[in-house]
Ligand code: HEM
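Protein chains in written order, with UniProt numbering: chain A, 1 to 403; chain B, 1 to 83.
So this is what it looks like as structure tokens:
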């Protein structure tokens with residue numbers, strides 16, 4: 001790994017100072033990506049040129065970090081997705097999407113607990129009050145517990161909740177820090193640690209980035225489930241399709257709780273750092289649009305709107321008659337593949353997923369309205385009116401006629 | 001019913017009608033589901049109540065309280081008098 005930012009100082013004691021990706025990340029978390037010193041930027045640019053091709057992680061990392069300099073700044077680079085997401089891809093993914101979601105949320109809680117007890121000085125502006133940290137930690141731990149019957153690290157669920165309710169107690173915080181899940185795979189741990197590259201130094205931007213990244217892992221899981229549903233419908237396996245659709249609905253409903261964690265973000269802090277995130281918006285999320293497209297090709301109005309203009313590759317794909325649940329559903333109906341009872345179950349599963357997604361959109365709309373007020377979106381839509389308008393959109397609009 | 005509870009009910013109801021776009025005819029006895037309060041709304045409400053009344057209150061407790069009257073009683077049980 002190259003020696004990058006020459007003046008990057010080392011920070012938290014558990015960070016491996018020998019690894020410059022991490023040292024540079026610490027530096028960025030002290031000054032903000034938008035405010036990198038010109039000298040540091042030119043060191044990074046030189047390092048990237050010198051080491052190009054020798055380390056894939058370093059390449060991806062530096063491309064994300066230098067996005068503003070390169071003019072490639074986007075949602076993908078803001079969230080450092082090319083650094084983070086390779087752990088979920090390839091023929092033998094290192095992790096399941098749900099595990100990465102848990103690691104990201106656990107990392108957020110660690111950041112909160114360690115800041116609360118003065119154990120790090122990263123992203124120091126606008127630290128939340130202890131009462132707000134308590135709320136955030138309680139909601140975060142509850143989210144983690146909702147995913148598994150046993151508490152992380154084998155700790156009893158009730159014990160963990162009790163600790164989360166009083167994180168200002170140092171001993172409680174220590175126990176929580178020990179119990180929160182973390183990856184023991186060095187590459188995964190490194191990618192997670194190097195993937196918060198804030199534009200500013202406001203504490204709450206860490207929360208914002210981790211919640212968005214967590215949602216990306218959720219969308220990845222949804223894509224996998226929808227692909228399974230399509231295959232099930234195409235190969236006459238109604239139960240496989242039903243199960244995948246139901247699991248997708250549960251996944252969205254559970255993920256809705258991430259909005260509750262994000263609701264503890266200070267609107268004031270958000271308004272400050274978002275002035276530097278202009279041009280990065282979740283409207284550019286490829287995974288979200290792939291999920292939507294796997295459900296069915298959107299209506300022409302939506303396909304030709306900002307929603308898909310922002311993800312041109314999927315807009316093109318959508319126009320080439322791709323395999324979707326809607327398409328496979330119609331074919332299976334035409335081929336009379338399933339019994340009446342199986343169709344009933346499938347229809348319920350489709351309705352359940354539609355409903356879960358509508359609920360997700362409504363919650364997103366409500367939170368965005370509160371945080372944003374009348375300001376436009378960072379993805380250049382008019383903001384809240386756009387989100388209100390897309391509430392009318394339906395994933396399975398073309399399924400209905402075939403019942 | 002004590003003055004404190006009535007006053008708290010009024011204050012909480014006014015806040016909910018103003019900030020959460022619920023119907024004007026919402027009463028202290030209207031249940032959360034009746035005006036579509038989801039988990040996010042309860043978290044947001046808990047944040048507001050914590051700030052306004054300097055008390056620790058979880059969204060789970062609010063859900064269990066069922067309605068505005070229940071919240072007022074919950075706050076009183078936590079030692080709140082009124083803002
Ligand atoms: C403070 C919190 C948030 C605010 C203020 C907000 C605001 C917005 C706005 C204004 C848009 C419209 C596009 C634009 O101009 O940017 C949008 C779109 C979107 N947001 Fe958010 N958002 C927030 C949090 C989130 C989170 C946590 C996610 C999870 C990934 C998310 C996912 C999306 C998606 C997928 C779209 C595209 C919707 C579509 O294609 O129609 N947002 N958001």
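Beta carbons: idealized from backbone N, C-alpha and C, even for Gly.
Partners in chain A for residue i, counting only beta-carbon separations shorter than 7 Å
i: residue 14 of chain B; result: Neighbours of residue 14 of chain B on chain A: none; closest Cβ ~18 Å, over 7 Å.
i: residue 50 of chain B; result: 131
Alpha helix (DSSP H) segment containing residue i, residue limits
i: residue 158 of chain B; result: In this structure chain B extends from 1 to 83, so residue 158 of chain B is not present and cannot be described.
i: residue 289 of chain A; result: 286 to 295
i: residue 75 of chain A; result: 75 to 78
i: residue 87 of chain A; result: Per DSSP, residue 87 of chain A belongs to no alpha helix (DSSP H) and is neither H nor E.
i: residue 141 of chain A; result: 130 to 146
i: residue 386 of chain A; result: 384 to 390
i: residue 283 of chain A; result: Looking at the DSSP string, residue 283 of chain A is not in any alpha helix (DSSP H), and its letter there is neither H nor E.
i: residue 68 of chain A; result: 67 to 70
i: residue 206 of chain A; result: 203 to 234
Contact with chain B by residue i, beta-carbon distance below 9 Å
i: residue 135 of chain A; result: yes
i: residue 125 of chain A; result: no
i: residue 392 of chain A; result: no
i: residue 214 of chain A; result: no
i: residue 359 of chain A; result: yes
i: residue 270 of chain A; result: no
i: residue 208 of chain A; result: no
i: residue 139 of chain A; result: yes
i: residue 114 of chain A; result: no
i: residue 353 of chain A; result: no
i: residue 367 of chain A; result: yes
i: residue 101 of chain A; result: no
i: residue 150 of chain A; result: Legend: pLDDT at residue 150 of chain A = 49, less than 50; position of this residue unreliable, no value from coordinates given.
Nearest to residue i (by Cα), restricted to the options the options
i: residue 42 of chain B; options: B:11, B:52, B:64, B:10; result: B:64
i: residue 196 of chain A; options: A:232, A:77, A:323; result: A:77
i: residue 236 of chain A; options: A:330, A:283, A:115; result: A:330
i: residue 398 of chain A; options: A:384, A:386, A:351; result: A:351
i: residue 54 of chain B; options: A:101, A:94, A:131, A:115; result: A:131
i: residue 282 of chain A; options: A:263, A:272, A:311, A:299; result: A:311
i: residue 204 of chain A; options: A:30, A:28, A:126; result: A:126
i: residue 87 of chain A; options: A:104, A:133, A:243; result: A:104
i: residue 114 of chain A; options: A:143, A:169, A:144; result: A:169
i: residue 327 of chain A; options: A:226, A:45, A:160; result: A:226
i: residue 257 of chain A; options: A:101, A:344, A:294; result: A:101
i: residue 69 of chain A; options: A:47, A:90, A:38, A:83; result: A:38
i: residue 40 of chain B; options: A:316, A:317, A:265; result: A:265
i: residue 38 of chain B; options: B:78, B:7, B:79, B:20; result: B:20
i: residue 259 of chain A; options: A:97, A:167, A:370, A:221; result: A:370
i: residue 255 of chain A; options: A:221, A:176, A:334; result: A:221
Neighbour flag for residue i against chain A, beta carbons, 9 Å
i: residue 25 of chain B; result: no
i: residue 41 of chain B; result: yes
i: residue 38 of chain B; result: yes
i: residue 47 of chain B; result: yes
i: residue 34 of chain B; result: no
i: residue 11 of chain B; result: no
Chain-ordered chain A contacts of residue i [CB-CB under 8 Å]
i: residue 44 of chain B; result: 263, 370
Rounded Cβ spacing between residue i and residue j (contact assumed at less than 8 Å)
i: residue 47 of chain B; j: residue 289 of chain A; result: Not confirmed; about 32 Å, so no contact.
i: residue 201 of chain A; j: residue 123 of chain A; result: 5 Å
i: residue 223 of chain A; j: residue 287 of chain A; result: 6 Å
i: residue 82 of chain A; j: residue 60 of chain A; result: 4 Å
i: residue 261 of chain A; j: residue 143 of chain A; result: 6 Å
Chain-ordered neighbours of residue i on chain B, where CB pairs are closer than 7 Å
i: residue 146 of chain A; result: The premise fails here: residue 146 of chain A is roughly 11 Å from chain B at the closest Cβ pair, so nothing lies under 7 Å.
i: residue 259 of chain A; result: 40
Residues that residue i contacts on chain B, provided the C-beta gap is smaller than 8 Å
i: residue 254 of chain A; result: Per Cβ cutoff of 8 Å: no residues; residue 254 of chain A is ~11 Å from chain B at best.
Chain-ordered neighbours of residue i on chain C, where CB pairs are closer than 7 Å
i: residue 108 of chain A; result: Annotation note: the requested chain C is absent from the structure, which comprises protein chains A and B.
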